[in-house]
Each structure stands twice: as structure tokens, then as C-alpha cells.
Amino acid sequence: MLRLAAFWDRYIHMRQRNAARLLVINPDRQVLLFRFQHKDGALAGRNYWATPGGGLETGETFEAAAVRELFEETGMQVDVLDASVAQNCFAMMLPSGETVMAVEQYFVVHAEREQLTRDGWTAEEVQVMTEHKWWSIAELEQTTETVWPQSLIEMLGKA
């Protein structure tokens, strides 16, 4: 019982990390995912696919962060986004090794083009985000690779 109490105490005192994530969908109804390959640090050896997006900056709303992250990670620009279609909350380890309570809101963007630019990427993103791919729902259903969020197919049904 003491272990459970210690776990619960640590869990409820985690720092919260708010993030905006994007379901970028092309005219063929494929969704954009980036492959993350961590070569060092606390996440060394972990490889997975995930949606574009990232943490909120001080004073930033989820919507503003989504617009900013979309431009930084893809070069695509939008002025306004519709309301988020999903929220996800879970414990997550950062590359630094810190475990945080991740609170993510997901926004839909319908992309007219599939060409991306990495001009707005940070040095860490260049190192870790090794490729991108437009995925169909059929490919997502059949893949054996790790894809985040786990509820992506369900979210795409709302998009």
C-alpha cells in the first residue's frame, strides 16, 4: 500500500506540460506524421511516429500554439483553427528524463499541398524528427510501428 501512495503522490505533483498537436490531412484523407528517432538522452532507442505539434509558450493559448507549431514544423500557414477535436492527458517522459503530465489538444488542418519545409525546425527537431509520411487510415490500421496518439484513427473519424 505504501508503494501505491508514493506513486500517487508523485503522479499528482507532476509538472503539467500543455501542448497543441495537429491532424494535418491532405486531399486524399491521409494524415501527416513525423518519425521520431531518439539516439541519446533519456529516450535513447525509442522510435515512433507522431503528429506535428509541441508545447505552449508562456501566455500562449492552445489555438495560437497550434498555428505557430504548424508553421514551424511544416511551413504551412493558417490564420484561424476550428475548435479542438480531441484532448489527451497522460504521463510522458521528456528527453531530459523529467516525467510530466502531458495535456494535449488536437486541431484539424486540411492541407492543400504536401510539400513541407524544415526551415522553422529547432536543432533538436532536426536531430530527432528523421522523416515524414502521409498515412492512410488503412496503413495506420495495419502498421506494427508505434504511432502516437494511440487513438489517432478514432480522432481522424471526427476530422
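In my numbering, the protein residues as written are 735 to 893.
All C-beta atoms in this analysis are idealised placements derived from N, C-alpha and C, irrespective of residue type, glycine included.
None of these values were measured; they are calculated from a predicted model.
- The region 837-847 makes contact with the region 753-764, as at least three CB pairs between them are under 8 Å.
- In chain order, Asn760 and Trp868 place their CB closer than 7 Å to the CB of Glu848, counting only its own chain and leaving out the 5 sequence neighbours on each side.
- Between Ala872 and Met748, the C-beta spacing is not below 9 Å.
- For the options Ala836, Glu807, Ala817 and Leu874, the alpha carbon positioned closest to that of Ala857 is the one of Glu807.
- Thr880 counts as exposed, since fewer than 16 other beta carbons sit within 10 angstroms of its beta carbon.
- The region 765-775 and the region 783-793 touch, with no fewer than 3 CB-CB distances between them shorter than 8 Å.
- Between Ala799 and Gly809, the gap from beta carbon to beta carbon reaches 9 Å or more.
- Residue state for Gly809 is assigned as coil, using DSSP reduced to three classes.
- If the five residues before and after Met827 are omitted, its C-beta is found closer than 7 Å to the C-beta atoms of Ala776, Leu777 and Thr833, all from its own chain and listed in chain order.
- Cβ-Cβ distances below 8 Å link Gly854 to Phe805, Glu806, Glu807 and Gly809 in the same chain, with the five nearest sequence neighbours on each side left out; the list follows chain order.
- By the beta-carbon neighbour count (other beta carbons within 10 angstroms, threshold 16), Val860 is exposed.
- Your pair Gln764 and Ser885 does not check out as a contact, with CB atoms roughly 18 Å apart and the cut at 8 Å.
- Ala845 counts as buried, since no fewer than 16 other beta carbons sit within 10 angstroms of its beta carbon.
- Contiguous beta strand (DSSP E) elements confined to the region 784-830 occur at 787-789 and 820-827, taking only those with 3 or more residues.
- In the three-state reduction of the DSSP assignment, Met889 falls in the helix class, which pools H, G and I.
- Under a 10 Å Cβ-count criterion, Glu803 is classified as buried, with 16 or more other Cβ atoms of the shown protein chains found around its own Cβ.
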